[in-house]
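Just so you know, the sequences run in chain order A and B. One rule links them: number in my numbering = place in the first sequence (from 1) + 25. One rule links them: number in my numbering = place in the second sequence (from 1) + 6. Ideal placement from N, C-alpha and C gives every residue a C-beta, glycine not left out. Below is one structure, written out as structure tokens, with a few remarks after it.
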Amino acid sequence: MSESVDHSDLREIRLSIPADVRFLRVARLTAAGIAGDLGFGLQAIEDLRVAIDEMCAVLIEGAPDTSELDLVYRFGPGQLTMEGHCRGSAGEPVIHPVAAELLRMTADEFEVTGDGDGRSFRLVKRQHDLPV
Amino acid sequence: MVAVARHDHEIVLALTGELDPHTAPILRRAVEEVEPELDATTLVFDLSHLRFVDSSGLRVIISTHRLMADRGGRLVLRSPSSTTQRILAVTGLADQINVEV
Numbered sequence: 026m027s028e029s030v031d032h033s034d035l036r037e038i039r040l041s042i043p044a045d046v047r048f049l050r051v052a053r054l055t056a057a058g059i060a061g062d063l064g065f066g067l068q069a070i071e072d073l074r075v076a077i078d079e080m081c082a083v084l085i086e087g088a089p090d091t092s093e094l095d096l097v098y099r100f101g102p103g104q105l106t107m108e109g110h111c112r113g114s115a116g117e118p119v120i121h122p123v124a125a126e127l128l129r130m131t132a133d134e135f136e137v138t139g140d141g142d143g144r145s146f147r148l149v150k151r152q153h154d155l156p157v
Numbered sequence: 007m008v009a010v011a012r013h014d015h016e017i018v019l020a021l022t023g024e025l026d027p028h029t030a031p032i033l034r035r036a037v038e039e040v041e042p043e044l045d046a047t048t049l050v051f052d053l054s055h056l057r058f059v060d061s062s063g064l065r066v067i068i069s070t071h072r073l074m075a076d077r078g079g080r081l082v083l084r085s086p087s088s089t090t091q092r093i094l095a096v097t098g099l100a101d102q103i104n105v106e107v
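Now the structure itself:
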């Protein structure tokens with residue numbers, strides 16, 4: 026069950042990057058920067074970098090070269106929610122067992138879906154540890 | 007990203023930066039390049055300057071571990087960061103692969 030969040034406290038950053046593995050680091054860097062600003066601890070930030078990387082990699086797998094990966098980072102006190110969508114990535118998303126294991130370790134919530142319009146994910150990371 | 011050093015009893019691949027879907031193929035190619043020299047030897051991944059690893063990197067580590075076992079040698083993961091150590095532990099790889107902290 027999700028914890029309730031006061032949406033009036035949420036801020037949002039939108040990022041659009043080419044659906045290319047070369048740019049996954051941009052998604053990671055953005056997530057880490059926001060989490061650091063929120064006061065997440067070092068381990069939570071490292072976890073977040075892994076989680077967003079895995080989610081984005083699933084979305085862009087097999088996507089056409091011209092595709093874009095659209096990311097939304099919503100954040101407020103103690104929580105960062107990320108949503109991604111990649112138009113043109115075909116087929117049901119498949120999470121490799123090793124990736125699934127890492128996601129269970131690093132994310133509080135995650136889901137990935139696919140439809141005729143492409144693939145999408147939602148990822149939640151909450152602040153559990155104290156800032157270092 | 008990958009520097010190769012050959013010593014008497016081991017071949018060392020020193021990894022720098024981030025191991026992700028973009029760079030994992032570079033490591034895979036580096037392993038393929040030294041593969042003819044791997045019989046009954048020790049292959050070391052020096053992780054002391056590796057700042058990030060994801061499942062694509064772990065898959066290269068797993069496949070290299072299997073390759074070394076088939077060749078009568080062994081893979082050693084040397085000096086992983088605390089974050090990488092945690093990932094190796096949680097995924098169970100630390101129990102299967104030689105890790106030198």
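**Asked** Whose CA, out of R39/A, Q68/A, A44/A, lies closest to the CA of R151/A?
**Response** As a position in the first sequence, residue 151/A is number 126, starting the count at 1. Closest in C-alpha terms to R151/A, from the list R39/A, Q68/A, A44/A, comes Q68/A.
**Asked** Alpha carbon to alpha carbon, what distance is there between D95/A and L99/B?
**Response** Position 93 of the second sequence, counted from the first residue, corresponds to residue 99/B. Position 70 of the first sequence, counted from the first residue, corresponds to residue 95/A. Their Cα atoms are separated by approximately 33 Å.
**Prompt:** When Cβ atoms are compared, which residues of the stretch 63 to 86 of chain A fall closer than 8 Å to chain B?
**Reply:** Near chain B, meaning a CB-to-CB distance below 8 Å, the residues of the stretch 63 to 86 of chain A are Q68, E71, R74, V75, D78, E79, A82.
**Proximity test, Cβ basis, 8 Å: A124/A and chain B** = On the first sequence, residue 124/A is found 99 positions in, with the first residue counted as 1. At least one chain B Cβ lies under 8 Å of A124/A.
**Request:** Please report how far the alpha carbon of I77/A lies from the alpha carbon of A44/A, in whole angstroms.
**Result:** Here residue 77/A refers to the residue found at position 52 of the first sequence. Here residue 44/A refers to the residue found at position 19 of the first sequence. Between I77/A and A44/A, the C-alpha separation is close to 14 Å.
**Message:** Taking contact to mean 3 or more Cβ pairs, one atom from each stretch, closer than 8 Å, check whether the stretch 55 to 75 of chain A and the stretch 109 to 120 of chain A are in contact.
**Reply:** Result no; under three Cβ-Cβ pairs closer than 8 Å.
**Message:** For T48/B, report the span of its beta strand (DSSP E) as first-last.
**Reply:** What you label residue 48/B is simply residue 42 of the second sequence in a count that begins at 1. Counting along the chain, T48/B sits inside the beta strand (DSSP E) bounded by residues 48 to 59.
**Message:** By the DSSP assignment, the beta strand (DSSP E) with E41/B in it spans what residues?
**Reply:** Position 35 of the second sequence, counted from the first residue, corresponds to residue 41/B. Segment: none, E41/B is in no beta strand (DSSP E) and carries neither H nor E.
**Prompt:** L44/B: buried (16+ other C-beta within 10 angstroms of its C-beta) or exposed?
**Reply:** Numbered from 1 along the second sequence, position 38 holds the residue referred to as residue 44/B. Buried.
**Request:** Compute the Euclidean distance between the alpha carbons of R84/B and Q91/B, then round it to the nearest angstrom.
**Result:** As a position in the second sequence, residue 84/B is number 78, starting the count at 1. As a position in the second sequence, residue 91/B is number 85, starting the count at 1. Roughly 10 Å between the two C-alpha positions.
**Message:** Just verifying my parser: in three-state terms, what is the DSSP assignment at R77/B?
**Reply:** Translated into positions along the second sequence, residue 77/B becomes position 71. DSSP, reduced to helix, strand and coil, places R77/B outside both helices and strands of the structure shown, so it counts as coil.
**Message:** Rounded to whole angstroms, what is the Cα-Cα separation between D101/B and V51/A?
**Reply:** Sequence index remark: in the second sequence, residue 101/B carries index 95 (1-based). Sequence index remark: in the first sequence, residue 51/A carries index 26 (1-based). Inter-residue distance for D101/B and V51/A is about 33 Å (C-alpha atoms, whole angstroms).
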